[in-house]
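The structure under discussion appears below in the form of C-alpha cells.
Chains as they are written, first to last, in my numbering: chain A, 1 to 113; chain C, 114 to 225.
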C-alpha cells in the first residue's frame, strides 16, 4: 500500500523567507507525485506534478519540488514566500497501477506580513 | 477549464437521516472520487468510480455508498448519518490517461 508523510503540520514564516515543506512517500515502484494547495475558502488546486523526466519540477506561483528517488522524497520549495501563500499544502502520490491518489495529512503555512 | 460542482456548500442534517451529496463534472472524465477532509488527517478516499455503474471502495467506505448512473455525475450517500460523519466532503474527477485530479469546492456537512 502507498502512504505519504508530511512532517510539518504547521509552518509559520515571515514574508521573504524561504520555504521547504517535506514530503516522504512509501511505495517501491514507479510513482507519480503531486502537490496541491488549498487557499482559505477555496477548493484544492494543483500546484505542480511529477510524472517522469527532470526530477526538479516547477509549478505555479514560483513553487518548485525535487523528486529524490533514493530518499522517497518530494519536497516543496519556494525561495521567497509572500503573505498570499498562506494556505494548506498537500502532497499526494499515485503508485504503479493504482487508480487513486494517496494524500498526506497536509501542512498549514502561515506567512506573516 | 474543468469544472467540478457540488450540490451544496453547507449542509446540516440530523442523526439517522439519509443524506445525498451530488457531484457533477463537465469534462467527460472517466474517473470520479469522493474524499472527506478532516483537520490533521488530510484527505481520505471514501469511494471512487472509473466508469458508469462501476465503483470501488477507498480507504474509509464504512457508512457510505455511492452511485454513478451517468458519466458526469457521482453521488455519495450516507444511509443513516451519524455525528462522526460531520466533515468536509470533496469530490474530484480525472481523465483516464492522466492522474491529475480536479476538485470541487466541497460540501461542509454537519450532523447533529
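Yeah, the Cβ is synthetic: ideal placement off N, Cα and C, and Gly gets one too. Every value quoted in this text rests on a predicted model; they were computed, and no experiment measured them.
Between which two residues does the beta strand (DSSP E) harbouring residue i extend?
i, result
"residue 114/A", "Since the first and last residues shown for chain A are 1 and 113, residue 114/A lies out of range."
"residue 95/A", "87-95"
"residue 107/A", "107-112"
"residue 118/C", "117-119"
"residue 77/A", "73-78"
"residue 50/A", "45-50"
"residue 26/A", "24-26"
"residue 223/C", "220-224"
"residue 5/A", "3-5"
"residue 65/A", "64-68"
"residue 60/A", "Run containing residue 60/A: none; DSSP gives neither H nor E here."
What's the C-alpha gap between residue i and residue j?
i, j, result
"residue 2/A", "residue 171/C", "13 Å"
"residue 192/C", "residue 183/C", "21 Å"
"residue 137/C", "residue 219/C", "12 Å"
"residue 68/A", "residue 58/A", "15 Å"
"residue 197/C", "residue 88/A", "23 Å"
"residue 84/A", "residue 35/A", "17 Å"
"residue 222/C", "residue 105/A", "20 Å"
"residue 190/C", "residue 17/A", "45 Å"
"residue 169/C", "residue 200/C", "21 Å"
In chain order, what residues of the same chain have a beta carbon less than 7 Å from the beta carbon of residue i, not counting five sequence neighbours either side?
i, result
"residue 213/C", "207"
"residue 82/A", "15 and 111"
With a threshold of 16 other CB atoms inside 10 Å of the CB of residue i, please say whether the residue is buried or exposed.
i, result
"residue 162/C", "buried"
"residue 225/C", "exposed"
"residue 140/C", "exposed"
"residue 37/A", "buried"
Can you list, in chain order, the residues of its chain whose CB lies under 6 Å from that of residue i, leaving out five sequence neighbours each side?
i, result
"residue 12/A", "110"
"residue 41/A", "none"
"residue 73/A", "24"
Within 8 Å of any Cβ in chain D, is that where the Cβ of residue i sits?
i, result
"residue 176/C", "The chain inventory of the structure shown lacks chain D, comprising the protein chains A and C."
Secondary structure, beta strand (DSSP E): runs of 3+ residues fully inside the segment 157-214 of chain C
178-183, 186-191 and 200-207
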